[in-house]
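Protein chains in written order, with my numbering: chain A, 1 to 252; chain B, 1001 to 1252.
The beta-carbon is built from N, C-alpha and C at its ideal position, and this holds for glycine as well.
One structure is given below, encoded as structure tokens.
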DNA sequence: CGCTATTTTGAGCCGCGTCAATACGGGTGG
DNA sequence: CCACCCGTATTGACGCGGCTCAAAATAGCG
């Protein structure tokens, strides 16, 4: 039932996986996480609000759809997927969250989570209790704007996935998107470990698992990527980008 | 080149097409337009900002993509379509605007219009110069919130169209959506005049024109609707809703 | 009344989903 | 350490929805 330690370890591809201390203002990822763009004094106010969450096991849920929004979360290590139930009771993978990315914005509008979020590997998060966060935003307008931006980003990101592109375009865009997110907002990385099973990718891209498998094979045949189970190497970056050219960047 | 007066007349299906005066605070549609939810005194401040636009001819542009955002517009009479150019230079119909609906929100984020908007028939609009509007919002927080709501609505509305539904579901949802919008936020109307050519509908729903034609024919064969050129009667409302059941409501 | 734009109808093809069978791994118990 | 098992991933066969190409039928307009 649990994934092996090895798998989890493999996903921690960044050497700085261990954050030196537990303060936003000194977090090496802060540059690209919630504190993005905040002046130092405001970032320090985040420290007093933030809490470190307990380590989460594979398949463990951070929260379920329908629960009231208690906090926003930032991924420290590991990876998550967020899922919703469609009108036919079928599970839909809305998206994946990698280290430094924010979780929980889906609950801001209604005050209730629209998605369930669960860990794909052994993972950990930073916790920002929502109430305290909102009290900060009332007099820290930079933070309020940052939250707005992140919400818009989330919306845009989803837009890219649902457009009527073909399987190849969708998949190429997805792989490139992952590669760009591995090093938080740094350079695109050529080596990416996919933290999620094929079925989740297929569901998220709204293509059949078999189609995913075939397109992946085709990409390898064309020399665009090399793939060994969950480890991907991007061989022909330009080629991959060309395939995905019709899909909007979905980044911000 | 111009559409006939008859066509334009046919589209003015509401008897109250002529607005008694030129004030938001006394506009019969104000209940469902920009002033929605505003207390009377704030609605009256809108009056001083609003201007009446000149009558627009079919195919005439309200603004083009790339132009700076100068004003928001509310449709008084007629109908509009908004279009964008995709990365291959191909035109994409983003949406349609009916009387009482707002135009121009696409330019708020960047200060520059993302879409071009043109009249589908002889039409007219109310003009709200953006600068003046923003000056109002700074001390009329209700208006600010109303604008936010409208933006979210726009986003949600678009989401519904791009999902991976099949042609039947998309089309049924589109027709129902139109029927609900004809009488500004009143009851769904059984008789709807489609103000746009088939090609625009097809483009907007991202299906081929031929497919649109065929599905329309099928709907008639199934007794869901009756269609005479651009005049549609919804015969079996429940049936139509059933076909579209997988598509989210897209309304607010 | 002819001309052109729009809409409908028909034939054929292709992408992708479904069903089904097979291969691969990682984990367990002997 | 190996046999076994089950969940994940790949590969093949086939059908259907919807797109494309092509042509016929209307409708709007001069």
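Best match in the options for proximity to residue i [C-alpha to C-alpha]
i                      : options                        : result
residue 136 (chain A)  : A:43, A:33, A:235              : A:43
residue 1107 (chain B) : B:1082, B:1023, B:1197, B:1164 : B:1082
residue 84 (chain A)   : A:240, A:246, A:203, A:231     : A:203
residue 1183 (chain B) : B:1023, B:1025, B:1026, B:1032 : B:1032
residue 132 (chain A)  : A:110, A:50, A:193, A:90       : A:50
residue 1041 (chain B) : B:1025, B:1100, B:1198, B:1212 : B:1025
residue 208 (chain A)  : A:247, A:110, A:166            : A:166
residue 1206 (chain B) : B:1127, B:1134, B:1168         : B:1168
residue 102 (chain A)  : A:110, A:127, A:89             : A:127
Residue burial classification, residue i (beta-carbon count within 10 angstroms, cutoff 16)
i                      : result
residue 191 (chain A)  : exposed
residue 1052 (chain B) : exposed
residue 1249 (chain B) : exposed
residue 16 (chain A)   : Its pLDDT being 41, under 50, residue 16 (chain A) is placed unreliably in this model, and the value from its coordinates should be taken loosely. With fewer than 16 other Cβ atoms within 10 Å, it is exposed.
residue 1048 (chain B) : exposed
residue 1274 (chain B) : In the structure as shown, chain B begins at 1001 and stops at 1252. Residue 1274 (chain B) is therefore absent and cannot be evaluated.
residue 30 (chain A)   : buried
residue 71 (chain A)   : buried
residue 286 (chain A)  : Absent from the model: residue 286 (chain A). The displayed extent of chain A is 1 to 252, so no value can be given.
residue 76 (chain A)   : buried
residue 91 (chain A)   : exposed
residue 1001 (chain B) : Bear in mind that a pLDDT of 37 at residue 1001 (chain B), under 50, signals an unreliable position, so the number given afterwards is only what the model happens to contain. So residue 1001 (chain B) counts as exposed.
residue 1039 (chain B) : exposed
residue 67 (chain A)   : exposed
residue 1170 (chain B) : buried
Sequence-distant residues of the same chain with beta carbon closer than 7 Å to residue i, five excluded per side
i                      : result
residue 1227 (chain B) : 1216, 1220
residue 233 (chain A)  : 190, 191, 225, 226
residue 1055 (chain B) : 1122, 1124
residue 1130 (chain B) : 1069, 1070, 1071, 1072
residue 1241 (chain B) : 1176
residue 114 (chain A)  : 65, 84, 106, 107
Residue i - containing beta strand (DSSP E), residue span
i                      : result
residue 227 (chain A)  : 225-228
residue 74 (chain A)   : 71-77
residue 1062 (chain B) : 1061-1063
residue 233 (chain A)  : 231-234
residue 1119 (chain B) : 1116-1119
residue 126 (chain A)  : 124-129
residue 1032 (chain B) : Here residue 1032 (chain B) belongs to no beta strand (DSSP E), and DSSP marks it neither H nor E.
residue 112 (chain A)  : Residue 112 (chain A) -> no beta strand (DSSP E), and no H or E assigned at all.
residue 1092 (chain B) : 1091-1097
Cut-off 6 Å between Cβ atoms - residues of its own chain near residue i, not counting five sequence neighbours on either side
i                      : result
residue 1003 (chain B) : With a pLDDT of 36 at residue 1003 (chain B), under the threshold of 50, the modelled position of that residue is not reliable, and the figure given next carries that caveat. Counting only Cβ-Cβ distances below 6 Å, and skipping sequence neighbours, we find 1058, 1121.
residue 188 (chain A)  : 179, 180
residue 64 (chain A)   : 116
Cβ pair residue i, residue j closer than 8 Å
i                      : j                      : result
residue 244 (chain A)  : residue 173 (chain A)  : yes
residue 73 (chain A)   : residue 104 (chain A)  : yes
residue 62 (chain A)   : residue 112 (chain A)  : no
residue 1198 (chain B) : residue 1176 (chain B) : no
residue 1164 (chain B) : residue 1093 (chain B) : no
residue 223 (chain A)  : residue 236 (chain A)  : yes
residue 23 (chain A)   : residue 35 (chain A)   : no
residue 118 (chain A)  : residue 60 (chain A)   : yes
Range of the contiguous alpha helix (DSSP H) that encloses residue i
i                      : result
residue 1049 (chain B) : 1040-1049
residue 181 (chain A)  : 167-182
residue 1220 (chain B) : 1209-1221
residue 1188 (chain B) : It is not in any alpha helix (DSSP H) - residue 1188 (chain B) carries neither H nor E in the DSSP assignment.
residue 1084 (chain B) : Not the alpha helix (DSSP H): residue 1084 (chain B) falls in the beta strand (DSSP E), residues 1080-1085.
residue 243 (chain A)  : 237-243
residue 204 (chain A)  : 198-205
Sequence-distant residues of the same chain with beta carbon closer than 8 Å to residue i, five excluded per side
i                      : result
residue 1195 (chain B) : 1011, 1078, 1079, 1096, 1098, 1120, 1121, 1230
residue 246 (chain A)  : 165, 169
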